[in-house]
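Protein chains in written order, with the working numbering: chain L, 6 to 561; chain W, 10 to 580; chain C, 120 to 459; chain G, 106 to 396. Notes to accompany the following structure.
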Amino acid sequence: MKNRQPAYQPTSRSKAVKAGAVASAAALSLLLAACGGQTTSAEAGTGEKVDGGTIRYAHLQEPACVYGGWIQQAFLSRQVLDSLVSQTEDGSIVAWLAEKWKVSEDQLTWTFTLKPGLEFTDGTPLDAQAVSDNFEFWQGGGNGTVQAHIGDYYSSSRAIDATTLEVKLSEPFAPFLSALSQGYFGIQSPTALESRSEAENCESPIGSGPFTVGEWKRGQSITFNRNDAYNSAPQNAKHQGPAYVDSVVWSFIQDNTSRFGSLASGESDAIGEVPTVDFDTAKAQFDVQQFLTPGRPVTLSLNTVEGPFTDVKVRQAFAYSADRKAVVDSAFLGVVPFEGNGTVSSSTPGYNPDVAADYPFDVEKANVLLDEAGWTERSAEGTRTKDGKELEIKIVFGLNSIVTAEGATALQNLQEQVKATGFKVTLVPATQAELFSGQFSTPDSYDAQLGYWTSPHAGILYINFRQNTEKKPNPANTTFYNNAKIEDVILKANSAKTTAEANKLYGEAQQLLSDEAVAVGLYTQTSSVASNPKVKDIWLEASQGEPVFHDAYFTE
Amino acid sequence: MTVLVEKPVSAPAASANRTLLAVHALNVSFAVGTGRHQKINHVVKNVSLELSAGRCLAIVGESGSGKSVTARTLVGLPGRNAIIEATRLEVANRNALTLSERLWRQVRGKDIGFILQDALVSLDPLRPVGKEIEEALRLHGWGNAASRRRKAIELLDSVGVPQPEMRSRQRPDELSGGLRQRALIASAIALDPALVIADEPTTALDVTVQAQVLDLLAAMKARGTGIILISHDLSVVSRLADDVAVMRGGAIVEQGPVREVLGNPQHEYTRALLDAVPSAHTKGTPLTKEGRSGIIATSDRARRVRAANAGPVLEARGLGKSYDGPDGVRRKVVHDVSFNLAAGETLGIVGESGSGKSTTAKLAPDTGEVLLDGQPWSSLSTSQRRPRRRRVTVVYQDPLSSFDPRWNAERILVDALDHRDFSTAQTRSNRVAELAGQVGLQVEHLEKHPLQLSGGQRQRLAIARALAPEPEVIVLDEAVSALDVSVQAQVLDLLTNLQAQLGLSYLFISHDLGVIHHMSDRVLVMKDGKAVEQGTADQIFNEPAHPYTQELLASLPRLEITENTTRSINA
Amino acid sequence: MSILETRETTLETDPDQASRPRRDRHIFTGLRSLGTRLLSAVGVIWAAATFTFLIQSLLPGDRATLLLNQLNGQIQERTAAELAPINEKYGFTDPLIVQYFRFLGDLATGNLGTSYQLHKPVIEVIGDQIAPTIVLTFTSLLIAWAICIVVIVGTAKRNRFFSSVASGLEALAAGLPQYWLGVILLVVFALNLGLFPVVGGTGIGGLLLPALTLGIPLAGFLGQVIRTEFESGMDQPFALTARMRGMGDTGVRLRHVLRHSVLPGITLSGWALGSLFSAAVIAESIFTRPGLGKVLVTAVNSRDLPVVCGIVILVAVIYVVANLLVDVAYTLIDPRLKTS
Amino acid sequence: MSTTTFTPGKPEVTARTFTASLLGGVPVAAVISTVVLAFFVIAALAPRLLTGADPLAIDLGAALQAPSSDHWFGTDQSGRDLYTRVVYGTRESLLIGLGATGLAIGIAAVLGVTAGLGGRFADGLINRGLEVLFAFPVLLLAMLFVTIYGPSVTTQIVAVGLGTAPGYARMIRGQVLAVRNSGYVEAAHGLGHSRWQVLRQHVFPNAMRPLIAVVTLGVGQSIVWASGLAFLGLGVAPPSPEWGALLDAGRMFITKAWWLEVMPGLAIVALALAATSLGRHLQTKLEGSQP
């Protein structure tokens, strides 16, 4: 029916068959491809602001809990929890729950002054003690990601008076405030944490944010209701006081086509994670915002302790072997930018842009390096060999859970490209269960692993590249690369007195890591929102890219 | 349903000479296949029939004679892709050639009733019989629901169904064969049609029930209904019909009043058909012309066998057998049956369905024992019996299912040979050829698969297989029941000849009294799992002692042979 | 199904004479068969639960690590110290046999446990989501039946052309990958023609496309089975008898033949119900419908054993119940089975 | 002689195109099915005969091109020729279909024959076991299995094979019982053949006979099941052109590049349809020769 015969031997039947196939395929294609002419509900109105209303926002993933250490949970908890400080797009820190703060000369004691008279939505006063309780909660295992960020530095905290909080660090930590600005650091009611069940705190954490968690219809949506008493918006918000809209219905539409379709059909007012295929259409018809998530971009962590990548020359050769920019541009249709820096992404304060250009596409260099490394023979298929062993690279990636379909395409493109220099890449899409249960966390389970780590500051280097020693294990070091010298630079940066100084040192560390080619950058993690033009002032906050609905309103 | 055409004048039991059916030069053919490969099968050729009220016309013929197609054409349902031609086709005063499907529907059931063979499948097995009768009434707009219900019960009563109210609520499978056939008749005559067509109405029935149903049809005839009776059974025909048409290969070969046609058959085929019917008169004589020409005198071997075995070759003592029913209740189906089978003798076991005759013939009782040549047989374990098994072989009623469908005739016979006796391919193939010759199979038949053989050929193959191990006893379990009468005659002649030649002993099971009488030296009559009477064939058939045997014989429709019969052999 | 066996062993007895089984015996056999059924149902559920338990607990990867990683959105090895509280809480370090008996004990008392992920009792997790899935599966089954009865009664043994086109379409429908069909239905009817909402939700408007997605391939399967039976039913003598008494073609089809032909379809439906239940995940995710399918996929992915077990047990129960219903439907349609 | 002809009932319209017989009585549908299947078999064994291109060769400049004379099925997001990928994907898809069906029938044959021939106890035990397996819908079982063992051709084969085995097992058991109770087995015992001889000569070959048709039906279904797994992200690893994987990858492009979703889907449908219709044809042929 659909099989084309080779063109040089057309028979009458194959023609008929072909004609049938063409006809039916064409009919289908007409029905399928008519999407471009979709009428949008974005009609020109008076543009006047309307109070109230419900914003229907469609999001990609639905986590098990509202609060937790996963970025998907930060997306949700940002709506209901406030943090101490907020980070702006230029990387500076502004007031939120904390009006002002100061740090001691030795950089070890931080004193925060809270806005007075604040309350959680359950009536518990939001005072210094409550915040201190939250620090203790995190430290006690309440949030593993918080621990990853500040666990090694945090020492203690106490309420000096109702509005004054003192936090003591064990070592100076320059990105401390930046870390605090993330959704994981949202402050919850200590009463709720203590008195309510785990399930309740998972489903509807109590905070002081612009919304409260209403009904969660699992598999469908969460309704966020306006907190009418809200008066603690961050300084970078567009207004103070309660949110303009009555509620936000935050639905979960995993299917890209449906999610964008729901915006086009008017079933949603805004959607997150605008599908790359629809990005141009979205830009033409809707208000689109894209945010390049700071932290570690989506990179290949090369296993430096087992397999071919133990040799730095092979790692470098691998980086030279592919036109990674072309690979990414093609896979993401130009929507998501290529990121050559494998350790820190371009939107992160402290990003070293030079590093991104360290390994351009250069087959010759790659070949020379591989020859030098002893991979001189080639198999029948063109794969390099050394001592009879093929230069085989097993790349593990969590398809759908960590890496999108576009990312998988980029990997396939890369896989084809590096063939020329003699790499034989095997792609291993891991299921979520395999991945999270640690089956691909050991050095013997992969040669390279694709992943990212969001962080509003370059201190992410400390999490990812601190040495992994028996005494002080660092399982987040997925390259298993231990280098005391580099760790030293990172530690120095962490303890720098000024941000500028810290960033300079972070940049240095990036360069050192790049020279070792332990991580090969591919693309930036992004988040995006497309909204109906009738809805104004949805913005993406700058620590992690979560949409903020506090300022959003409808227009006529 | 609104009646769109003028109703024909129907006055039941009125003018006895009113013509109900007039058919002239009816031809029916079927288109098979399409396009270039289309073939036309001409199955009814130039048939002319006539029937008046109060009379019965029988159409007689063997399978494939076109009798059923003729009957179905008379109600406008000959089958798919039928092409019908006739110079005249008048049914119930209507020109059937011009009737539309819609008008046909008004005729069927109202002017013509049709009775099919087996009520178990001819009535909807899932519905109570009363509903089926009511449906016949409803379709022709008769009365309302309540009156139809009453009428259905009345009808059941009128066809002799006891407790009609209760029976009307039962499904065919809950009724006995006789009752459900009556219910089927009731549904066909619900609207008192002037013409009733009965297609083999008694074939599936036991003789006693058959007699009752025939009486019922006779009573209808007496009331003025015209009946067309389709049958292969000449004795049934002779009992009910006034006129008879004998069909063969789609054409009528002979036609006329029953007494004339059956009493003084003019056509060779009619004569052969009559001769082929086994009965008391045919005992000891071949049934076919071929058989007559090839009478085989008792061979030396047969004589030797008889002489060597003074005692019975097979002896059954007090056989009993029980089965677990589907409800978990154990039922005894054979009680204390004993018999002897002498060498070279045929013992007939006769009984109606469910009498336990086949179970007895399996020779595998729970209680009692079977001795072969005076040695234990049934009490042996399977493995002990295996080497002796070849001494008793079986021919089944349905030969087709007893052959592995993947094998051709030759393979089937080779498989039956004892490979110790025939160790080389050559000896085996010689023996197979010999066996085929004995049963009258041609060499080309050996290459065919059972499915490609005719019914008679299959049964010959089954007999050859049974002969292959050179057994002493062959159990023939309803071995000829499924065959047409002329084929049956050939097979019976073959069996007689083989017995004479080889000195075989037959355990011959049949429900057909005529066949039993024809074949058996001695007869065992069974009822409800018990042997009610045993004796020589002539004793049993001429002086039945047990009331049941008497009843059986009384209900047996006999071919009424008139004074000027021309049975060539009997003469 | 013991249909065939029952039919074969039905003895040709004359009810006038044969002693009809008495009523008390009926009740006894009824009770016994109910008892056997219950026992075998419990057996099925026990085996299903055990199987799931083993599959989930014996296989590679550490469950405590998984839970911790999932909680934090990280993929890494965990230290013993980090894992200890989780192991303690769920008893992962106990010998397997201890875990298994604890699991069975909980099961026996009707306690399906608490979801590792949602921290909610499994009963609640399932209870929240079961309604839309049940609505979807039953609607799909109904749609499948409706389609195939209309098509078969309309075309079987009628006109060769339509009959062969229809049976070709049945084969086509049976070969359609559900999700391919779903995506195309979504794009054509919801996105481009705008006839249905893109995001189905639980409303009536959102039900049709998912139900068609599951129902059309099922209709193909059912159709193939029912058509064969229907065609042979049309050749049965009782169909001829009905015509002989003046019944029209449509009457014969609807009043007589249809009833006979649906039996194998009903057997298939019992099986299909379980299958639809798991295939629901496909329709649910394409049409963004809430339901158990999604819960199952999430639970399987995160090895949320209590939830997976709960759903497996639920499906087993549905299977058992569906087969009971099939038996009931059988005896309603073919009363011969009740008396024998 | 004046003759009137009438055709009772509704006039019979015969559509030659659909029922015409070619090659001596083989229906057109069976011929077309055979041709389609032959195409796929060639594609599986010698894809080079059907396409000159490399299924993995990317051409980033030619991504997402609509079907044209250069690319009959268009190109995918990496500029790979979709027709070539569909052709090359046949091998894995067919392997999954055949492997899963083969595995299922292998398991089923052992279980079914044991149940059919073993005593009451074995039959009861296996029947209970099958009952349990039946309670596991194919997709559920496959999902559990693949999630844990990771997606690959092998796991797909095992998962789908395990899932579909009970259906076949029940069928084989019924078949064995039917053959065991058949006239020819009784006749063979009557001739004094040993139990083993009867099993070997009659029971096995006849009980397995209808499987030929069932296998062809099953292959198509297995591929459809496997594509369902691919949809759940449990398919074969990229960049394999396995059809389920192609469908899964094509889904996100459906509004922009319909061919990525439609063409592999049509391949699955064509294969399943051809297999089903050939299976049906075989079935009727086999049933026809059965008593």
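Note that CB positions come from ideal geometry on N, CA and C, so glycine has one too.
Beta-carbon separation (whole angstroms), W/Leu501 vs W/His527, contact threshold 8 Å: 7 Å
Interfacial residues, the segment 410-423 of chain W to chain G, with Cβ spacing under 8 Å: Ser410, Ser411, Phe412, Asp413, Pro414, Arg415
Near-chain G residues of the segment 324-358 of chain C (beta-carbon distance less than 7 Å), N- to C-terminal order: none
Counterpart residues of C/Trp299 in DSSP-defined beta bridges: Note: C/Trp299 sits in no beta bridge, so no partner.
Pairwise C-alpha distance: L/Phe117 and L/Trp75: 26 Å
Alpha-carbon spacing of G/Glu347 relative to G/Thr195, whole angstroms: 7 Å
Members of the segment 170-195 of chain G near chain L, C-beta cut-off 7 Å: Trp177, Gln182, Ser183, Tyr188
Within the segment 411-438 of chain W, ranges of the alpha helix (DSSP H) (whole runs, at least 4 residues): 418-425
8 Å contact criterion, which C/Ala275 and C/Pro329 should meet: CB distance rounded: In fact, because the Cβ distance is near 29 Å, the residues do not count as touching under 8 Å.
Completely contained alpha helix (DSSP H) runs for the segment 395-428 of chain C, where each covers 4 or more residues: 411-420
Under the three-state DSSP convention, the category L/Val99 falls into: strand
Backbone secondary structure at G/Tyr254 - three-state DSSP: helix
Beta carbon proximity, G/Leu387 to chain C, threshold 7 Å: no
Short CB-CB distance (under 7 Å) between C/Leu225 and chain L: As written in the sequence, residue 225 of chain C is Asp, which differs from the Leu given in the question. No - not a single Cβ of chain L is within 7 Å of the one on C/Asp225.
Three or more C-beta pairs below 8 Å linking the segment 334-348 of chain L and the segment 407-427 of chain L: yes
Beta-carbon proximity of W/Asp242 to W/Cys65, cut-off 7 Å: no
Own chain, CB closer than 7 Å to C/Tyr219, minus 5 neighbours either side, in chain order: Phe172
Three or more C-beta pairs below 8 Å linking the segment 309-329 of chain C and the segment 270-280 of chain L: yes
Interface residues of the segment 355-379 of chain G facing chain C [CB-CB below 7 Å]: Arg356, Ile359, Thr360, Glu366, Gly370, Ile373, Val374, Ala377, Leu378
Where C/Ala227 falls, given that 16 or more other Cβ within 10 Å makes a residue buried: exposed
C/Val416: contacting residues in chain G (beta-carbon distance under 8 Å): Met248, Leu337
Whole-number beta carbon distance between W/Leu86 and C/Met363, since they are thought to touch under 8 Å: 7 Å
Neighbour flag for G/Ile262 against chain L, beta carbons, 7 Å: no
Cutoff 7 Å: G/Ala240 Cβ touching any chain W Cβ: no
Residue of G/Asp353, G/Phe358, G/Ala375 minimising C-alpha distance to L/Asp283: G/Phe358
Buried or exposed by the 16-neighbour rule on C-beta atoms within 10 Å, applied to C/Phe170: buried
Interface flag, L/Ser335 vs chain G, CB-CB below 7 Å: yes
Buried or exposed by the 16-neighbour rule on C-beta atoms within 10 Å, applied to L/Ala385: exposed
Backbone secondary structure at L/Asn230 - three-state DSSP: strand
Contact set between G/Pro160 and chain L, taken where Cβ atoms lie within less than 8 Å: Neighbours of G/Pro160 on chain L: none; closest Cβ ~11 Å, over 8 Å.
Cβ shell of L/Val525 (< 7 Å), same chain only, five flanking positions each side left out: Thr304, Leu305, Leu307, Phe323, Ala324, Gly347
Within chain W, the residues that G/Ala213 reaches when beta carbons sit closer than 9 Å: Under the 9 Å cutoff, chain W gives no residues; its nearest Cβ is about 21 Å from G/Ala213.
Sequence-distant residues of the same chain with beta carbon closer than 6 Å to C/Asn206, five excluded per side: Ala183, Thr212
Residues that DSSP places opposite L/Glu124 in a beta bridge: L/Pro130
Beta-carbon proximity check, L/Leu198 vs L/Phe142, cutoff 7 Å: yes
Spatial neighbours of C/Val371 in its chain, beta-carbon cut-off 8 Å, leaving aside the 5 residues before and after: Met353, Ala358, Ala361, Arg362
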